[in-house]
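The next block holds one structure in the form of structure tokens; read it before the comments.
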Amino acid sequence: MWDTAVTFLPASDNKKLEKKRGPGKVGIVVGLVILAAVLALIIGLLVWHFHFRKDLKLQKIYTGTLRITNQAFVDAYENPDSTEFKQLASQVMDQLKSMYSESPELSKYYVGSRVQAFSEGSVIAYYESEFAVPVGQDKAVDRAVSSLDEMYSNKINLLFSVCPASMKFAEHARSSAEEIIKSPGFPDQPYTPNTFVQWELRGDPGHMLKLTFDTFNLEENCANDFVRVYDSLVAMDKHLMADTLCGQLPANTMVTVNSNQVSVVFKSDSSQVDRGFSATYEVFDPSDPCPDQFQCNNKRCINPSLRCDGWNDCGDSTDERNCKCDASMIQCRNGICKPMFWRCDGVNDCGDDTDELNCGCKVGEFKCSNDQCVSEKLKCDGNRDCKDGSDEDGCTRDICKVSTFACNNGKCITKQNPMCDGQDDCGDNSDESSCDCGKKAYTKSRIVGGQEADMGEFPWQVSLHIKNTAHVCGASIISDRWLVTAAHCVQDDAKVKYGQPGTWEAYLGLHRQIEKQQATKRFLKQIIPHKNYNSYTYDNDIALMELDSPVTFNETIRPICLPSATDVFPAGETVTITGWGATREGAPVLQKANVRIINSTVCDELMNGQITSRMTCAGVLTGGVDACQGDSGGPMSYFSNDRMFLAGVVSWGDGCARRNKPGIYTNVPKFRAWIKEKTGV
1 MWDTAVTFLP
11 ASDNKKLEKK
21 RGPGKVGIVV
31 GLVILAAVLA
41 LIIGLLVWHF
51 HFRKDLKLQK
61 IYTGTLRITN
71 QAFVDAYENP
81 DSTEFKQLAS
91 QVMDQLKSMY
101 SESPELSKYY
111 VGSRVQAFSE
121 GSVIAYYESE
131 FAVPVGQDKA
141 VDRAVSSLDE
151 MYSNKINLLF
161 SVCPASMKFA
171 EHARSSAEEI
181 IKSPGFPDQP
191 YTPNTFVQWE
201 LRGDPGHMLK
211 LTFDTFNLEE
221 NCANDFVRVY
231 DSLVAMDKHL
241 MADTLCGQLP
251 ANTMVTVNSN
261 QVSVVFKSDS
271 SQVDRGFSAT
281 YEVFDPSDPC
291 PDQFQCNNKR
301 CINPSLRCDG
311 WNDCGDSTDE
321 RNCKCDASMI
331 QCRNGICKPM
341 FWRCDGVNDC
351 GDDTDELNCG
361 CKVGEFKCSN
371 DQCVSEKLKC
381 DGNRDCKDGS
391 DEDGCTRDIC
401 KVSTFACNNG
411 KCITKQNPMC
421 DGQDDCGDNS
431 DESSCDCGKK
441 AYTKSRIVGG
451 QEADMGEFPW
461 QVSLHIKNTA
471 HVCGASIISD
481 RWLVTAAHCV
491 QDDAKVKYGQ
501 PGTWEAYLGL
511 HRQIEKQQAT
521 KRFLKQIIPH
531 KNYNSYTYDN
541 DIALMELDSP
551 VTFNETIRPI
561 CLPSATDVFP
571 AGETVTITGW
581 GATREGAPVL
591 QKANVRIINS
601 TVCDELMNGQ
611 ITSRMTCAGV
621 LTGGVDACQG
631 DSGGPMSYFS
641 NDRMFLAGVV
651 SWGDGCARRN
661 KPGIYTNVPK
671 FRAWIKEKTG
681 V
């Protein structure tokens, strides 16, 4: 108890010390008021600290098991609504209360227990116990629980987080029958954020369980959304089977469990969501855990055709060990097989550089930037013998063609990417003009793979809405009046006149779709799709949009730089795609993902000859990241000379984030002259 007192000094009778009335007395009064206020604040804080703060409690929940040796398991114990279950659960809770009462630290904080399930083994009870622990006492409670664990040989684990909106299901698999579990909403809609679901699956004694994931699409980051499989009816870490599952898994990925009791836990956080998953579960004979399948070391079962195909389908790479590669594969020195089309692409796919050895050209040949080899005699001969024109780079003579950069003084520059590189290549500085673009207001960034972008990180990103409805396509700001998007976004159909300016609303400076009232909205004055756009092949898939009024640039609205006609993007170069995920449900926050440019010859082979010179391929060939994280019409940008350039426009692809199926983007440098002609930019 604190005793707070104030002693006032006696008034002085010395007349010499007295002052005339004036500001001095006012100052004394003000000082006393301030002193009283400070004392009141201190007393209030002390009262809060010693009286109210002690009432702050932490919720601590522990999970554990108890073996009941004098009982035999009966089928009724599987049903939480049965009389037998309720009676035995009541006895278990009484026993737990008695155990906790013997500990001074636990008895005074104990709230209650709940029996989750029973299983065979005499009878094993799975339970949760809750304690309301004052701040600062949580470590003491942990120690008391550990002591109790040793005293009773009881299996107790701390459950660190509990979702109050969780769901739990109990199922029993019978022989020769398949049952299904699936994420909430599947397949009609994506799973919701902040979801926690647990399935308790049982099989008949003497059998084991296996799960086959027919479809599996979660967020890429396992720290956010995941599925975990346990060989126990309670989700304890020591019973975790295989790896934590997330991202995209191959169809029919199988997990076998050396038990007839399984817990499957699905959790999502508050960020982006995806399609979800569906899985069948069934019992099987333990002597053949993966019938007609390859069993990985982590207990997954996969299709035998996926073995030694260059992809880590197991998750622990056991399907890629001790492989004998066929003629279509590269035999890496580390024993792994990789697809032959990855050879000499400038990327270490093997992990030991085997696929990048001996990739140089022969004596007397010139190696182009795209790895093509041409005769040395063809370099600087005035013809672009390399498909990317790199045999004419750095030449003293000027090659005035469509693919060169035209200076204002009439000079033609063959140098790759000459714009805004800090060098006056033209002599009149025209290659360094109009460079107030591609700058981020906020430079903070982080590793990406379909993750949320930061506010203002991509200020040229535009969200295109059909009037009074939702987001449909993306676009990029190139000036205060003009946007670049995809031509396929503005093609009329039987229901909507997408090609009419009055159909659209453009939202600039938008980060979250639900906050569009805070963004800058513009209507359109005109739409100019490329006249040679082919709706069947998606060739020339580019369009321009003119705003009805200019916008003012600020920290969240800025233009992206346009590349020159000579700009090229070599295989392996990293580019960024952004958007709200038109093909990926439930992405209200702007998403970003890094992918890499893929060799055009390789891409054409992968896409069955559908690639033209006006298209660029980019992606992650292992799957999981591509334009699903972006939008049709949105930007594919690359970083050069301290600014971002518009390398491509999201166009089309074969499926979504599939292996060996890159995303296809309109090659913006091919349309630089057309953009200049139509917009003056």
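Numbering (the UniProt record's numbering), first residue to last: 1 to 681. Built from N, CA and C at the ideal position, the CB exists for glycine as well.
{"Item": "Cross-strand partners of Gly208 (DSSP beta bridge)", "Value": "Checking the displayed sequence, the identity of residue 208 turns out to be Met instead of Gly. Met208 pairs with Phe284."}
{"Item": "Bridge partner(s) assigned by DSSP for Ser637", "Value": "Thr576 and Leu646"}
{"Item": "Coarse secondary structure for Val568, derived from DSSP in three states", "Value": "coil"}
{"Item": "Cβ-Cβ separation, Pro559 to Ile478 (assumed contact under 8 Å), whole Å", "Value": "5 Å"}
{"Item": "Boundaries of the alpha helix (DSSP H) in which Phe85 is found, first to last residue", "Value": "Thr83 to Ser101"}
{"Item": "Glu171 - DSSP class collapsed to helix/strand/coil", "Value": "strand"}
{"Item": "The stretch 531-544 in contact with the stretch 500-510 per 3-pair CB rule at 8 Å", "Value": "no"}
{"Item": "Neighbour-count burial assignment, Asp391, 16 or more Cβ in a 10 Å radius", "Value": "buried"}
{"Item": "Option in Phe523, Leu483, Arg522 and Val496 with minimal Cα separation from Pro529", "Value": "Leu483"}
{"Item": "Where Gln248 falls: helix, strand or coil (DSSP)", "Value": "strand"}
{"Item": "Where Ser613 sits in the DSSP three-state scheme", "Value": "coil"}
{"Item": "Beta-carbon proximity of Cys350 to Cys332, cut-off 7 Å", "Value": "yes"}
{"Item": "The alpha helix (DSSP H) enclosing Ile675, as first and last residue numbers", "Value": "Arg672 to Thr679"}
{"Item": "Rounded C-alpha distance that separates Asn217 from Pro184", "Value": "13 Å"}
{"Item": "Short Cβ contact (7 Å threshold) for His239 with Arg202", "Value": "no"}
{"Item": "Cβ separation of His488 and Ser632, assumed to be a contact under 8 Å, to the nearest whole Å", "Value": "7 Å"}
{"Item": "Integer Cβ distance of Thr256 from Lys299, believed to fall under 8 Å", "Value": "5 Å"}
{"Item": "At least 3 beta-carbon pairs within less than 8 Å: the stretch 596-614 vs the stretch 514-525", "Value": "no"}
{"Item": "CB contact flag (Cys359, Val374, <7 Å)", "Value": "no"}
{"Item": "Pro550 burial status per 10 Å Cβ neighbour count (16 or more: buried)", "Value": "exposed"}
{"Item": "Contact belief for Thr244 with Arg228 at Cβ below 8 Å, rounded distance in angstroms", "Value": "6 Å"}
{"Item": "Through-space distance from Pro501 to Asp454, alpha-carbon basis", "Value": "30 Å"}
{"Item": "6 Å Cβ shell around Gly310 - same chain, five flanking residues per side excluded", "Value": "Cys337, Lys338 and Pro339"}
{"Item": "Environment of Pro304 [buried if 16+ CB atoms lie within 10 Å]", "Value": "exposed"}
{"Item": "Cutoff 7 Å; reference Glu546; Cβ partners in own chain excluding five residues on either side", "Value": "Arg481, Trp482, Leu524, Lys525 and Gln526"}
{"Item": "Cβ pair Ala470, Val462 closer than 7 Å", "Value": "no"}
{"Item": "For Arg67, the three-state DSSP class (helix, strand or coil)", "Value": "strand"}
{"Item": "Same chain, Cβ closer than 7 Å to Asn667, five either side skipped, listed in chain order", "Value": "Arg614, Met615, Thr616 and Gly648"}
{"Item": "Inter-residue Cα distance where the pair is Glu120 and Gly456", "Value": "57 Å"}
{"Item": "Integer-rounded CB distance, given that Thr485 should sit under 8 Å from Ala543", "Value": "5 Å"}
{"Item": "Asp541, buried or exposed, once every other Cβ within 10 Å from all chains shown has been counted against 16", "Value": "buried"}
{"Item": "Distance between beta carbons of Leu209 and Val283, contact taken as under 8 Å", "Value": "6 Å"}
{"Item": "Residue(s) in a DSSP beta bridge with Trp466", "Value": "The question names Trp, yet the displayed sequence has Ile at residue 466. DSSP, once it has assigned bridges, lists Trp504 as partnering Ile466."}
{"Item": "Nearest to Asp285 (by Cα), restricted to the options Ser259, Val264, Val681 and Ser278", "Value": "Ser259"}
{"Item": "Residue nearest to Tyr191 in terms of C-alpha spacing, selected from Trp199, Asp225 and Pro205", "Value": "Asp225"}
{"Item": "CA-to-CA distance, Ala170 to Asp292, given in whole angstroms", "Value": "29 Å"}
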